[in-house]
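**Student:** First the structure, which I've put down as structure tokens, then a few questions once you've had a look.
See below:
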């Protein structure tokens, strides 16, 4: 009996397992052939998987092993709230349980295995949906359509770039199963749970998925349902969605609380102004990479599209079904063809990834095709000889393709797009020919051909593709550089003894890898003004990066930087070599200040928003010492200009470090790549070129760059005339630039560090707390702690909660008393308690409703359902008009306008 039961269970599972097995085997073959870990030393990752995902997953790994708080990371950006990253990077997902078993230094490599598991799940989940909705579909097509979803253009293009999005792609078919079940039976619990799960995993893609559900449900109501059913549908979808979001509030509320105050949540134009910008956008302005992404969303769907075209032709007499299918296609393909629709679906803007909702395209087309194929194709058997012959042919063609691809030189995006369009066009023509010419077309005869089509795309795009030209910041080896440096140099872990990487040879997120506190960060989670304040201190910034390049010996000291890791040799006047292994060296800083110090309280009242780095240094120094003499002297040298060269002599008396920066007077706060001065300036000191290290080139001498665009250290001099020559690429750039030079008095710096040597603070920390014991002499009664102030910190002084203030952007200020003060910082993410309360209340109401409904059916007032209906239909009409009708009207004029602009340029 038991044996019979097991066989019965196995028989039920087998059909679901087949698409997963096929997907897994194909992926393993690709990983083996391309030598991707664990079958070789290559990796699947590029772009954000390397520079953001792997470092943040190192934080997740630390949390899973009890070494970090899920909400907060001590190491990046002087300590950063990562509440938003929890959802944006899909940290709380079943798939990431695999990370627990991966060695921390192999997190980046393990992305290949994690992505493989997600793709297997995608195909099984898609099969479950297809089998449920289109049960009479030929089994071979069920399997093939499921594998199509797992190997769709979105997955093979973006999976290697940003694997966190793949979690929602994997769960989306189950979400739609839950949605269908709710509409068919009125039972909402499955849908509520799936909405909650998806929003916990990734709020961004879940919100996009919710827009899709809102649209297809509206279409279903208007086209397929009787009017009397509308109120039930609107009520169920509305209540189910609200309840699901409510259950996920413990994650969502902290996410949006941080988003509103982070660098991603800056002020924007009014809604009408933004809308005008959206509807005048056009796909004709796409660059090569954006165009490739847009059209690759259709790759692998040639057979699906052929079936849809034939199905529309065959079943056009069924008006309702025809309108429904066409409407679904418009919803799915609208973002591909109309940039306005795409922008609105992305909530107004996107960067880098053209169609983050592209999985909806493949999903919709596959479902529409499955519905038509269910009626079009009979289950006609094929002889084994046919399969064997076709398998041999497909295998040979696949092998030849692999050999040719492996020896191809690096190409560009346009050639890649032309190749994939050609494959698509040829396959589409073949399928259409077979569907039109053969009266009794056997759909099984093309299954292996479809498999070959999918393999061609997957082999090219899984892992770094041949056509992709890396930017310097996208090289995946940065993570391993950091791992190797940590191991070989024995870099100690510390949240408060901070480190710096002046030549930025480890990229921005190395602190997460090293488990060592630093200023450097690219988590997109910093407070909204942190970058601008860091720039005023002399550090570089770019896009959402905060970088170690720049700064001064003083700014590093007040932030309690105690070590540096670098490829380039550092000035022995500022650093002492501790250890060198391979390319990297570890240095101890020669000038150190305690983690936190007391200053005159008048400093807290100064406005630091519109002053430059020299004023920052002088005011901070005066507050620390009471010395009224200038610490950093602003220099106005007499410069001689000859053609494109500006020359000057600086007379240095007492021992001083010279720092200089040059800014574009037209765009002083813009990124370097927005200025014509980018990499157009070379600086020489006493005839020697000043090195301006940047990502990908630590020996670069062209100033300024995206990654090194603020203070340059020119050296320490004493009783000397220093010759400085600035060479511009073009003479006109001289008038476009503004130069600032300061002499930092190193004798005062020596004395400052000596004075504070006996004023060390006693510092300890846990995953989410910081304790600083600091002494005040009564005259300096204001403590500055180098932790960025935010609403997430609760601070106590000797056990009593006190108010704090943001000081100079990078410090938290606290009024203290004479004697020893014990300051305790406790991190509680803003919105977490409110979110937990909403989740608990929602859960309680849901459980209560389930219990009551179990005993007797809950009768919702009809008026409430009608309200839901009118609200839903009204919103549906507005959204359809805004997202589709207006863009349809504006698309062609907008395209013409942009083409004319391009031609005029």
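In this note's numbering, the protein residues as written are 68 to 972. Glycine included, C-beta positions come from ideal geometry on N, C-alpha and C.
Do you know whose CA, among 287, 118, 480, 531, lies nearest residue 98's CA?
**Tutor:** The residue you call residue 98 lines up with position 31 of the chain shown. If we check each option's Cα against that of residue 98, 531 comes out closest.
**Student:** Along the chain, where does the alpha helix (DSSP H) containing residue 345 start, and where does it finish?
**Tutor:** Start at 1 with the first residue of the chain shown, and residue 345 comes out as number 278. Per DSSP, residue 345 belongs to the alpha helix (DSSP H) from 338-346.
**Student:** Kindly give me the distance between the Cβ atoms of residue 552 and residue 651, rounded to whole angstroms, as I take these residues to be in contact under 8 Å.
**Tutor:** Counting from one through the chain shown, the residue named residue 552 turns up at place 485. Counting from one through the chain shown, the residue named residue 651 turns up at place 584. Indeed they touch by this definition, with Cβ atoms about 5 Å apart.
**Student:** Restricting to Cα atoms, I'd like to know which of 458, 663, 721 is closest to residue 828.
**Tutor:** If you number the chain shown from 1, residue 828 lands on position 761. Taking only the C-alpha atoms, the option nearest residue 828 is 663.
**Student:** Tell me which residues share the same chain as residue 843 and place their Cβ nearer than 8 Å to its Cβ, disregarding the 5 neighbours each side in the sequence.
**Tutor:** On the chain shown, position 776 is the one that residue 843 refers to. Same-chain partners within the cutoff: 665, 850, 883, 884, 885, 886, 888.
**Student:** Determine the contact status of residue 320 and residue 270, defining contact as a CB-CB distance below 8 Å.
**Tutor:** For the purposes of this step, residue 320 is taken as residue 253 along the chain shown, with counting starting at 1. For the purposes of this step, residue 270 is taken as residue 203 along the chain shown, with counting starting at 1. No.
**Student:** Please work out which residues of its chain come closer than 8 Å, Cβ to Cβ, to residue 947, disregarding the five sequence neighbours upstream and downstream, and give them in chain order.
**Tutor:** As a working note, residue 947 is residue 880 in the chain shown. Cβ neighbours of residue 947 beyond the five flanking positions: 282, 285.
**Student:** Can you check which of these residues, 852, 421, 373, 128, is closest to residue 360 by C-alpha distance?
**Tutor:** Against the chain shown, residue 360 aligns to sequence position 293. It is 421 whose Cα lies nearest to the Cα of residue 360.
**Student:** Please name the residue in 581, 494, 479 whose C-alpha comes closest to that of residue 536.
**Tutor:** The sequence position of residue 536 within the chain shown is 469, counting from 1. Of the candidates 581, 494, 479, the one whose C-alpha sits nearest the C-alpha of residue 536 is 479.
**Student:** Tell me, to the nearest whole angstrom, how far the beta carbon of residue 366 is from that of residue 487; I am working on the premise that it is less than 8 Å.
**Tutor:** On the chain shown, residue 366 is found 299 positions in, with the first residue counted as 1. On the chain shown, residue 487 is found 420 positions in, with the first residue counted as 1. Indeed, because the Cβ distance is near 6 Å, the residues count as touching under 8 Å.
**Student:** Within 8 Å, do at least three Cβ pairs link the segment 165-181 to the segment 99-110?
**Tutor:** Segments in contact, yes.
**Student:** In angstroms with no decimal places, state the Cα-to-Cα distance between residue 75 and residue 82.
**Tutor:** Counting from 1 along the chain shown, the entry for residue 75 is found at position 8. Counting from 1 along the chain shown, the entry for residue 82 is found at position 15. Those two C-alpha atoms are separated by around 12 Å.
**Student:** Are residue 183 and residue 235 touching if we call contact CB-CB under 8 Å?
**Tutor:** Position 116 of the chain shown, counting from 1, holds the residue named residue 183. Position 168 of the chain shown, counting from 1, holds the residue named residue 235. Cβ distance not < 8 Å, so residue 183 and residue 235 don't count as in contact.
**Student:** DSSP on residue 241, reduced to helix/strand/coil?
**Tutor:** Position 174 of the chain shown, counted from the start, is the residue given in the question as residue 241. Helix.
**Student:** Since residue 671 and residue 872 are thought to touch, with beta carbons under 8 Å apart, how far apart are those beta carbons, to the nearest angstrom?
**Tutor:** As a position in the chain shown, residue 671 is number 604, starting the count at 1. As a position in the chain shown, residue 872 is number 805, starting the count at 1. Yes, they are in contact, since the Cβ atoms of residue 671 and residue 872 sit about 6 Å apart, within 8 Å.
**Student:** Where do the ends of the beta strand (DSSP E) carrying residue 706 lie?
**Tutor:** Residue 706 sits at position 639 when you count from the first residue of the chain shown. Counting along the chain, the beta strand (DSSP E) containing residue 706 begins and ends at 706-709.
**Student:** Using a Cβ-Cβ distance under 8 Å, would residue 532 count as near chain D?
**Tutor:** The question asks about chain D, but that chain is absent: this structure has only one protein chain.
**Student:** Of all the alpha helix (DSSP H) runs that stay within the bounds of the segment 871-895, which reach a length of 4 or more residues?
**Tutor:** Correct list: empty.
**Student:** Please report the Cβ distance between residue 604 and residue 622, rounded to the nearest whole angstrom; I am assuming they are in contact, meaning their Cβ atoms lie under 8 Å.
**Tutor:** Translated into the one-based positions of the chain shown, residue 604 becomes position 537. Translated into the one-based positions of the chain shown, residue 622 becomes position 555. Indeed they touch by this definition, with Cβ atoms about 5 Å apart.
**Student:** Residues bridged to residue 567 by DSSP?
**Tutor:** By one-based count along the chain shown, residue 567 stands at place 500. BP columns for residue 567 point to 631.
**Student:** Within 10 angstroms of its Cβ, does residue 930 collect 16 or more other Cβ (buried), or is it exposed?
**Tutor:** Translated into positions along the chain shown, residue 930 becomes position 863. So residue 930 ends up on the exposed side.
**Student:** Go ahead and label residue 68 buried or exposed: buried means 16 or more other beta carbons lie within 10 angstroms of its beta carbon, across all protein chains shown.
**Tutor:** Counting from one through the chain shown, the residue named residue 68 turns up at place 1. Residue placement at residue 68 cannot be trusted, given a pLDDT of 46 that sits under 50; what the coordinates show is reported in the next sentence. Exposed, because fewer than 16 other Cβ atoms sit within 10 Å of the Cβ of residue 68.
**Student:** Closer than 6 Å by C-beta to residue 368: which residues in its own chain qualify, once you throw out the five before and the five after it? Chain order, please.
**Tutor:** Locating residue 368 in the chain shown gives position 301, counting from the first residue. Result list for residue 368: 432, in chain order.
**Student:** With 16 other CB atoms within 10 Å as the buried threshold, where does residue 923 fall?
**Tutor:** In the chain shown, residue 923 corresponds to position 856, counting from 1. It is exposed - the Cβ of residue 923 has fewer than 16 other Cβ atoms within 10 Å.
**Student:** Measuring straight from C-alpha to C-alpha, what distance separates residue 902 and residue 318?
**Tutor:** The residue you call residue 902 lines up with position 835 of the chain shown. The residue you call residue 318 lines up with position 251 of the chain shown. For residue 902 and residue 318, the distance between alpha carbons rounds to 7 Å.
**Student:** Would you call the segment 702-715 and the segment 818-832 touching, i.e. three or more CB-CB distances under 8 Å?
**Tutor:** No: the two stretches stay apart, fewer than three of their Cβ pairs being nearer than 8 Å.
**Student:** Alpha carbon to alpha carbon, what distance is there between residue 416 and residue 356?
**Tutor:** Sequence index remark: in the chain shown, residue 356 carries index 289 (1-based). Sequence index remark: in the chain shown, residue 416 carries index 349 (1-based). Looking at the two C-alpha atoms, the distance is approximately 17 Å.
**Student:** May I ask you to report which of helix, strand or coil DSSP gives residue 864?
**Tutor:** If you number the chain shown from 1, residue 864 lands on position 797. Three-state DSSP puts residue 864 in a strand.
**Student:** Tell me whether the beta-carbon of residue 965 lies closer than 8 Å to the beta-carbon of residue 349.
**Tutor:** Numbered from 1 along the chain shown, position 898 holds the residue referred to as residue 965. Numbered from 1 along the chain shown, position 282 holds the residue referred to as residue 349. In contact: residue 965 and residue 349 (Cβ atoms closer than 8 Å).
**Student:** Return the Cβ separation of residue 775 and residue 759 in integer angstroms, given the expectation that the two are a contact with Cβ distance under 8 Å.
**Tutor:** Start at 1 with the first residue of the chain shown, and residue 775 comes out as number 708. Start at 1 with the first residue of the chain shown, and residue 759 comes out as number 692. At roughly 5 Å, the Cβ-Cβ gap stays under 8 Å, so residue 775 and residue 759 are in contact.
**Student:** Report yes if the CB atom of residue 370 is closer than 8 Å to the CB atom of residue 517, and no otherwise.
**Tutor:** The sequence position of residue 370 within the chain shown is 303, counting from 1. The sequence position of residue 517 within the chain shown is 450, counting from 1. Contact: yes.
**Student:** Out of 347, 205, 353, which has the shortest C-alpha to C-alpha gap to residue 961?
**Tutor:** Along the chain shown, read from residue 1 onward, the residue named residue 961 stands at position 894. The residue with the shortest Cα to Cα distance from residue 961 is 347.
**Student:** Under three-state DSSP, which class holds residue 68?
**Tutor:** What you label residue 68 is simply residue 1 of the chain shown in a count that begins at 1. Low local confidence applies: a pLDDT of 46 at residue 68 is under 50, so the model's placement there is unreliable, with the coordinate-based value given in what follows. Coil at residue 68, not helix or strand.
**Student:** Taking contact to mean 3 or more Cβ pairs, one atom from each stretch, closer than 8 Å, check whether the segment 767-787 and the segment 687-695 are in contact.
**Tutor:** Taking 8 Å as the limit for Cβ pairs, the verdict is that the segment 687-695 does not touch the segment 767-787.
**Student:** Which term fits residue 291, buried or exposed, when burial requires 16 or more other beta carbons within 10 angstroms of its beta carbon?
**Tutor:** The residue given as residue 291 occupies position 224 in the chain shown. Burial call: exposed.
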